[in-house]
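S.K.: Attaching a single structure in structure tokens format; questions to follow.
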Amino acid sequence: MTAALLIVDVQNDFTEGGALGVDGGSAAAAAITRHLAAHAQDYALVLASRDWHDPDSDNGGHFASGEPDYVTTWPVHCVAGTPGAEYDPALSTSAVTHHIRKGQGTHGYSAFEGVAEDGRTLAQILDAHGIDRLDIVGIATDHCVRASALDALEHRDRLAPLTEVRVLTDLVAGVAPGPSQAALEEIAAAGGTLA
Numbered sequence: 001m002t003a004a005l006l007i008v009d010v011q012n013d014f015t016e017g018g019a020l021g022v023d024g025g026s027a028a029a030a031a032i033t034r035h036l037a038a039h040a041q042d043y044a045l046v047l048a049s050r051d052w053h054d055p056d057s058d059n060g061g062h063f064a065s066g067e068p069d070y071v072t073t074w075p076v077h078c079v080a081g082t083p084g085a086e087y088d089p090a091l092s093t094s095a096v097t098h099h100i101r102k103g104q105g106t107h108g109y110s111a112f113e114g115v116a117e118d119g120r121t122l123a124q125i126l127d128a129h130g131i132d133r134l135d136i137v138g139i140a141t142d143h144c145v146r147a148s149a150l151d152a153l154e155h156r157d158r159l160a161p162l163t164e165v166r167v168l169t170d171l172v173a174g175v176a177p178g179p180s181q182a183a184l185e186e187i188a189a190a191g192g193t194l195a
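Going by my numbering, 106 is the number at position 106 of the sequence shown; the sequence numbering is gapless.
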């Protein structure tokens, strides 16, 4: 089995004190760092996605022009090149092999909507390396982790030999318990594994 780890959006604006900070975000960052210290050798690739929103646009309506509804419009967050877009300091990125930037002018919930420094998509990178299991961790369970996992499951039929998509449930943090649990159930119903 050739496995990869996808770390979703463990950024300052999504951890405590950030523009859209979630409770437990920094703890998830530290737990992911511990997981990498113990298991980095188990992964052929370690990929980390970040929201990397354009500074001079509403990013396809993602940034609210007035009061955000917190469903499809949001306060300004994770603007490219700002401290809020940087990784949380509790996350060690030394094992990361590919950095994926998403939301450049768009909503960009799923890491599969982003590109690496070399312009390749996440799907292209996974396919090129023959990844057959993708483990997903990060923030937020009920938004970008959910979207990334569901996209991975949707891409599974086109990404030979990807056969297994797992969300490591002790390495995620969500906005709210109810929606986070619903997101995990949706991922499992779509064929994902909760580990």
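Don't be surprised by glycine CBs; every beta carbon is placed ideally from N, CA and C.
With C-beta atoms as the reference, is Asp198 less than 7 Å away from Asp9?
M.R.: Beyond the ends of the chain as shown, which are 1 and 195, falls residue 198; an answer cannot be given.
S.K.: Buried or exposed: which applies to Gly119, given that a residue is buried once 16 or more other Cβ atoms fall within 10 Å of its Cβ?
M.R.: To locate residue 119, count along the sequence shown from 1; it is residue 119. With fewer than 16 other Cβ atoms within 10 Å, it is exposed.
S.K.: Using the C-alpha atoms, what's the distance from Leu45 back to His98?
M.R.: Locating residue 98 in the sequence shown gives position 98, counting from the first residue. Locating residue 45 in the sequence shown gives position 45, counting from the first residue. Their Cα atoms are separated by approximately 8 Å.
S.K.: Count the other C-beta atoms from every protein chain shown that fall within 10 angstroms of the C-beta of Asp13, then say buried if there are 16 or more, exposed otherwise.
M.R.: Walking along the sequence shown from the start, residue 13 turns up at place 13. When all chains shown are included, Asp13 counts as buried.
S.K.: Going by DSSP, what residues sit across from His99 in a beta bridge?
M.R.: Translated into positions along the sequence shown, residue 99 becomes position 99. Answer by DSSP bridge pairing, in chain order: Ala48.
S.K.: Taking Cβ positions, are Ile7 and Val137 nearer each other than 7 Å?
M.R.: As a working mapping, residue 7 is identified with position 7 in the sequence shown. As a working mapping, residue 137 is identified with position 137 in the sequence shown. Yes, the Cβ-Cβ distance between Ile7 and Val137 is below 7 Å.
S.K.: Tell me where the beta strand (DSSP E) around Ala200 begins and ends.
M.R.: Nothing in the structure corresponds to residue 200, since the chain is present only between 1 and 195.
S.K.: In the structure shown, what three-state DSSP assignment does Asp13 receive?
M.R.: Mapped onto the sequence shown, residue 13 falls at position 13. Note: Asp13 maps to helix in three-state DSSP.
S.K.: Restricting to Cα atoms, I'd like to know which of Pro179, His129, Gly192 is closest to Ser148.
M.R.: In the sequence shown, residue 148 corresponds to position 148, counting from 1. Of the candidates Pro179, His129, Gly192, the one whose C-alpha sits nearest the C-alpha of Ser148 is Gly192.
S.K.: Suppose contacts are defined by Cβ-Cβ distances below 7 Å. Is Ser26 in contact with Ala90 by that definition?
M.R.: In the sequence shown, the residue the question calls residue 26 occupies position 26. In the sequence shown, the residue the question calls residue 90 occupies position 90. The answer is yes: Cβ separation under 7 Å.
S.K.: Rounded to whole angstroms, what's the CA-CA distance from Ala31 to Gly24? Just pull it up for me.
M.R.: Position 31 of the sequence shown, counted from the start, is the residue given in the question as residue 31. Position 24 of the sequence shown, counted from the start, is the residue given in the question as residue 24. Ala31 and Gly24 have their C-alpha atoms some 10 Å from each other.
S.K.: Does DSSP put Gly138 in a helix, in a strand, or in coil?
M.R.: Taking the first residue of the sequence shown as position 1, residue 138 is located at position 138. Three-state DSSP puts Gly138 in a strand.
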